[in-house]
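Engineer: Chains as they are written, first to last, in our numbering: chain G, -9 to 415; chain H, -9 to 415. Don't be surprised by glycine CBs; every beta carbon is placed ideally from N, CA and C. The structure that follows is given in the form of structure tokens.
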């Protein structure tokens, strides 16, 4: 056990760990590897250095062991497989001074080589916590929920939105036609698909040029600009240029695929941006679907909150995706929860959504600070796009008023058609 | 089955898939979701649009099904669990025109929402292949193996290197002292730990200022500059400034933590850089340790090769990490293999390494185009750093000459001491 001064500023990371060695030992290995230790005793690791740089184990909670490892380790097998694999939750405290306001290095510290340690047959980053003064050194969301609402002029209810479908393949003028229909239905929010950024046949510039006059025309009519999260993902230079083009054209949002642009790129965009950043989390499944590996959404959203996205996708309930509804709701709650002075994110519900999810979403989340996106659920509505948007809004009115959807739909043909069409789909 | 013109330029992605629906059906769902389809038939998905944008299934190889899902899916469970889960390998062809030279969008296409599809209970990106003309639109490595050797003036043998240890906590002058000892031993390559970028007590600038005079002093003596991969990971602006500072100071390499800087950031650095980029892959375990999820190294190295790193970590054989030796060797081979005109990467062997691994590495890889890094194995050598470096070089001489290590060590005290000290460790 390393004796370390508790005077220094520290941040913490909490993990699920499964290991061939007892959890308290695994915790010490992790704390060592992720700070000043290694697999051998090193001459230079003096007491002064340990006090400065060594991580310390704050907490070890053992869970019942298991007989089979969750993840294979050749390192363990070389030593002869143990009879049990220990499990538990641990918390490690790291000196803030090791890192400073450096997102890639923060990630390398809390989510780096430790996933590969030979003793480890399961490791998942469950949560991080930072001192407020440390968190304040990262950009954080510039606009968050309030700023987004001010851009969209939508208050006191969810922002109802959609994804342009087909996801990719439309020509710029075809996109503009769909946007025209969506705006005619008084939609609040439209986004590009994550697959669509700058295809040869519908470049970013051509799409922006085709779409913006349509948005402006409807904004004049509606008295508010429908928010269009145009996908600017690309190189650093392209993203800044595209952001500026959107801003110049009077657009009110940009979207990036956060996992593949990466932390440095998103943070750079955030520092440059004058518009809310819509964070698309595609690829997230690879980081989280194995329960004994990767990241919990709780940790993930905090890291991206530090980087400064304003909106973050959380899937939908009863979606076409793998995720249990309880997990979706927990994710949205995490986005909305306080985090040492870093402002909340607007959670974005999407995937297989239509009007029917509104009451359950509202009942479980207890908030209307969210975006509810229906792709096929709006564009594929049997009576067309206007009815699709209307049905979504009616679903939320029913939810907030606490009236059963079917009852509420009796006098509302759009909602009624959605219920009869999608329920059987 | 979608009928699509085969005239268009396409790239392909190959996956392992496990699914609640037969693999041919799962392949169609994935091809649809990752291009112009969705969970509902959409009015706008015309034949012309499909020809332009729809991905097509190229190949479906079914494997024997399994009775339990590898990954949990609430979507599958809502429908009542199936009796078997289908498994197989599939290949999907995507139109190049959907994406263009856009790394984040390439990733969103081959590694995006498909990991989360409800039908999918396992999905791993195994490989990608690009037309040469398409690959040529990405930066690719600027220096690769040959350029790195020219900077280091080390030819016809592995570059022997180390990681400064303790990984973090040293003051700049302490780092310089260790670098002095390493250079006195005629080391080829030194790198910072991935945890060390810009700590309060040993900032990037102070470390560079402390280390560079030492490197120059030894370069004058050795007739070659030991390559120091200084960790410049940070914000975009910091990374460019730090690269420039290294260049101005006469340094010959920069290191970044690629997964957490991200694709856009690394590509941006690559376009700016005049020095080789040492790619540290920490966090990789989270992407790959579940065999039914995430990425194979084969796909990962191709994607980072497009982004333009010059060196890439592959772990070591008999390392302190989880990875089987066969997988480590396969990764190194992938780095060295041709890839449609994009130059090879220098594989970096690291973790728990010392002289003993050289013969097996050489026998299995059949190449000396690599970096072999020993941290504790050099700095923790019982006779000190000079003997540590000598033992590594002697290990490789034995390997290449095909002489048994123990025999070779008889007349070489450094290697002999390493064998007796580390073998029992």
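(1) According to DSSP, simplified to helix, strand and coil, what is residue 255 (chain H)?
(2) Report yes or no: is there a C-beta of chain H within less than 8 Å of the C-beta of residue 277 (chain G)?
(3) Applying a beta-carbon distance threshold of less than 7 Å, which residues of chain H neighbour residue 191 (chain G)?
(4) Can you tell me whether residue 111 (chain G) is buried or exposed, with buried defined as 16 or more other CB within 10 angstroms of its CB?
(5) Excluding five sequence neighbours on each side, which residues of the same chain lie with their C-beta closer than 6 Å to the C-beta of residue 416 (chain G)?
(6) Are residue 94 (chain H) and residue 338 (chain G) closer than 8 Å when you measure CB to CB?
(7) Taking the Cβ atom as the reference point for each residue, do residue 333 (chain H) and residue 131 (chain H) lie within a distance shorter than 8 Å?
(8) Tell me which same chain residues have a C-beta within less than 7 Å of the C-beta of residue 124 (chain H), skipping the five on either side of it?
(9) Assuming residue 349 (chain H) is part of the alpha helix (DSSP H), what are its boundary residues?
(10) Going along the chain, which unbroken runs of the beta strand (DSSP E) with 3 or more residues stay wholly within the region 6 to 94 of chain H?
(11) With three or more C-beta pairs closer than 8 Å as the rule, is the region 45 to 54 of chain G touching the region 69 to 84 of chain G?
(12) May I ask you to list the residues that DSSP assigns as paired with residue 412 (chain H)?
(13) Against residue 173 (chain H), what residues of chain G qualify as contacts under a CB-to-CB distance less than 8 Å, listed in chain order?
(14) For residue 248 (chain H), does the three-state DSSP call read helix, strand or coil?
(15) Identify the contact partners of residue 99 (chain G) in chain H, using a Cβ-Cβ distance below 7 Å as the criterion.
(16) Report the rounded CA-to-CA distance for residue 291 (chain G) versus residue 321 (chain G), giving the unit in angstroms.
(17) Does the region 272 to 279 of chain G touch the region 225 to 245 of chain G, meaning 3 or more C-beta pairs lie closer than 8 Å?
(18) Show which residues of chain G have a CB atom less than 9 Å away from the CB atom of residue 247 (chain H).
(19) Starting from residue 310 (chain G), find everything on chain H with Cβ-Cβ shorter than 8 Å and list it in chain order.
(20) Give me the Cα-Cα distance between residue 392 (chain G) and residue 349 (chain G), rounded to the nearest whole angstrom.
(21) Nearest to residue 335 (chain G) by alpha carbon, out of G:108, G:344, G:357 and G:384?
(22) So residue 280 (chain H) contacts chain G; which residues on that side make the cut at Cβ distance below 7 Å?
(23) Per DSSP, what kind of secondary structure is residue 225 (chain H) in: helix, strand or coil?
(24) Name, please, each residue of chain H whose Cβ falls closer than 7 Å to the Cβ of residue 258 (chain G).
(25) In three-state DSSP terms, what is residue 1 (chain G)?
(26) Do the CB positions of residue 108 (chain H) and residue 65 (chain H) come within less than 8 Å of each other?
(27) Tell me the residue span of the alpha helix (DSSP H) that contains residue 203 (chain G).
(28) Determine the direct distance from the alpha carbon of residue 309 (chain G) to that of residue 340 (chain G), and round the result to whole angstroms.
(29) At a CB distance below 8 Å, what residues from the region 156 to 167 of chain H approach chain G? Give them in sequence order.
(30) Drop a sphere of 10 angstroms on the beta-carbon of residue 68 (chain H), count the other beta-carbons inside from all chains shown, and report buried for 16 or more, exposed for fewer.
(31) Any beta carbon of chain H sitting closer than 8 Å to that of residue 290 (chain G)?
(32) Which residues in the same chain have their Cβ closer than 6 Å to the Cβ of residue 396 (chain G), if we skip the five residues on either side of it in sequence?
(33) Less than 8 Å between the beta carbons of residue 272 (chain G) and residue 249 (chain G), yes or no?
(34) Consult DSSP for residue 322 (chain H) and reduce its assignment to one of helix, strand or coil.
(35) List the residues of chain G whose Cβ lies closer than 8 Å to the Cβ of residue 253 (chain H), in chain order.
(36) Quick check on DSSP: helix, strand or coil for residue 311 (chain H)?
Structural biologist: For this structure:
(1) Reading the second chain from its first residue, position 265 is the one you call residue 255 (chain H). Helix, per DSSP.
(2) Position 287 of the first chain, counted from the first residue, corresponds to residue 277 (chain G). It does: the Cβ of residue 277 (chain G) has a partner Cβ on chain H nearer than 8 Å.
(3) Residue numbering aside, residue 191 (chain G) sits at position 201 when the first chain is read from its first letter. Contact note: residue 191 (chain G) reaches chain H through 42 and 87, using a C-beta cutoff of 7 Å and chain order.
(4) Numbered from 1 along the first chain, position 121 holds the residue referred to as residue 111 (chain G). Residue 111 (chain G) should be labelled buried.
(5) Residue 416 (chain G) lies beyond the range of chain G shown here (-9 to 415); nothing can be said about it.
(6) Counted from its first residue, the second chain places residue 94 (chain H) at position 104. Counted from its first residue, the first chain places residue 338 (chain G) at position 348. No, these two residues do not count as a Cβ contact at 8 Å.
(7) The residue you call residue 333 (chain H) lines up with position 343 of the second chain. The residue you call residue 131 (chain H) lines up with position 141 of the second chain. At the C-beta level, residue 333 (chain H) and residue 131 (chain H) come within 8 Å of one another.
(8) Here residue 124 (chain H) corresponds to residue number 134 of the second chain, with the count starting at 1. Once the five neighbours on either side are set aside, the close Cβ partners of residue 124 (chain H) are -1, 1 and 86.
(9) Along the second chain, read from residue 1 onward, the residue named residue 349 (chain H) stands at position 359. Going by DSSP, residue 349 (chain H) is part of the alpha helix (DSSP H) stretching over 348 to 355.
(10) Assignment of beta strand (DSSP E) within the region 6 to 94 of chain H, counting only whole runs of 3 or more residues, yields 46 to 56 and 75 to 85 in chain order.
(11) With the cut-off at 8 Å, the region 69 to 84 of chain G and the region 45 to 54 of chain G touch.
(12) Taking the second chain and counting its residues from 1, one reaches residue 412 (chain H) at position 422. Note: residue 412 (chain H) sits in no beta bridge, so no partner.
(13) Residue 173 (chain H) sits at position 183 when you count from the first residue of the second chain. Under the 8 Å cutoff, chain G gives no residues; its nearest Cβ is about 17 Å from residue 173 (chain H).
(14) As a working note, residue 248 (chain H) is residue 258 in the second chain. Looking at residue 248 (chain H) - three-state DSSP - the assignment turns out to be helix.
(15) Translated into positions along the first chain, residue 99 (chain G) becomes position 109. Those are 185, listed as they occur along chain H.
(16) Locating residue 291 (chain G) in the first chain gives position 301, counting from the first residue. Locating residue 321 (chain G) in the first chain gives position 331, counting from the first residue. The straight-line gap from Cα to Cα measures roughly 8 Å.
(17) By the Cβ rule, the region 225 to 245 of chain G does not count as touching the region 272 to 279 of chain G, because fewer than three pairs are nearer than 8 Å.
(18) In the second chain, counting from the first residue as 1, residue 247 (chain H) sits at position 257. Within chain G, the C-beta atoms nearer than 9 Å to that of residue 247 (chain H) come from 94, 95, 97, 98 and 102, in chain order.
(19) For the purposes of this step, residue 310 (chain G) is taken as the residue at position 320 of the first chain. Those are 29, 65, 107 and 108, listed as they occur along chain H.
(20) For this step, residue 392 (chain G) is matched to residue 402 along the first chain. For this step, residue 349 (chain G) is matched to residue 359 along the first chain. Using only the alpha carbons, I get a separation of about 8 Å.
(21) Taking the first chain and counting its residues from 1, one reaches residue 335 (chain G) at position 345. By alpha-carbon distance to residue 335 (chain G), the top candidate from G:108, G:344, G:357 and G:384 is G:357.
(22) Counted from its first residue, the second chain places residue 280 (chain H) at position 290. Residues of chain G with a Cβ closer than 7 Å to the Cβ of residue 280 (chain H) are, in chain order, 61, 280 and 283.
(23) Locating residue 225 (chain H) in the second chain gives position 235, where the first residue counts as 1. Coil at residue 225 (chain H), not helix or strand.
(24) Stepping through the first chain from its first residue, residue 258 (chain G) is reached at position 268. What residue 258 (chain G) touches in chain H: 225 and 226.
(25) Sequence index remark: in the first chain, residue 1 (chain G) carries index 11 (1-based). Of the three classes helix, strand and coil, the one that applies to residue 1 (chain G) here is strand, per DSSP.
(26) Numbered from 1 along the second chain, position 118 holds the residue referred to as residue 108 (chain H). Numbered from 1 along the second chain, position 75 holds the residue referred to as residue 65 (chain H). It is a contact, given that the beta carbons lie within the stated cut-off.
(27) Taking the first chain and counting its residues from 1, the one referred to as residue 203 (chain G) is at position 213. 194 to 212 is the extent of the alpha helix (DSSP H) around residue 203 (chain G).
(28) Residue mapping note: residue 340 (chain G) aligns to position 350 of the first chain, counting from 1. Residue mapping note: residue 309 (chain G) aligns to position 319 of the first chain, counting from 1. Using only the alpha carbons, I get a separation of about 8 Å.
(29) Taken in chain order, the members of the region 156 to 167 of chain H whose beta-carbon sits within less than 8 Å of a beta-carbon on chain G are 156, 157, 158, 159, 160 and 164.
(30) To locate residue 68 (chain H), count along the second chain from 1; it is residue 78. Residue 68 (chain H) counts as exposed, since fewer than 16 other C-beta atoms from the protein chains shown sit within 10 angstroms of its C-beta.
(31) The residue labelled residue 290 (chain G) in the question sits at position 300 within the first chain. Contact with chain H is absent for residue 290 (chain G), since none of that chain's Cβ atoms lies less than 8 Å from the residue's Cβ.
(32) Residue numbering aside, residue 396 (chain G) sits at position 406 when the first chain is read from its first letter. Within the same chain, no residue comes within 6 Å of residue 396 (chain G) by CB-CB distance, once the 5 residues on both sides are set aside.
(33) For the purposes of this step, residue 272 (chain G) is taken as the residue at position 282 of the first chain. For the purposes of this step, residue 249 (chain G) is taken as the residue at position 259 of the first chain. In this structure, residue 249 (chain G) lies closer than 8 Å to residue 272 (chain G) by Cβ.
(34) Working through the second chain from its first residue, we reach residue 322 (chain H) at position 332. DSSP, reduced to helix, strand and coil, places residue 322 (chain H) within a helical segment of the structure shown.
(35) Along the second chain, one-based indexing puts residue 253 (chain H) at 263. For residue 253 (chain H), the residues of chain G that pass the 8 Å Cβ criterion are 250, 251, 252 and 255, in the order they occur in the chain.
(36) Against the second chain, residue 311 (chain H) aligns to sequence position 321. Note: residue 311 (chain H) maps to strand in three-state DSSP.
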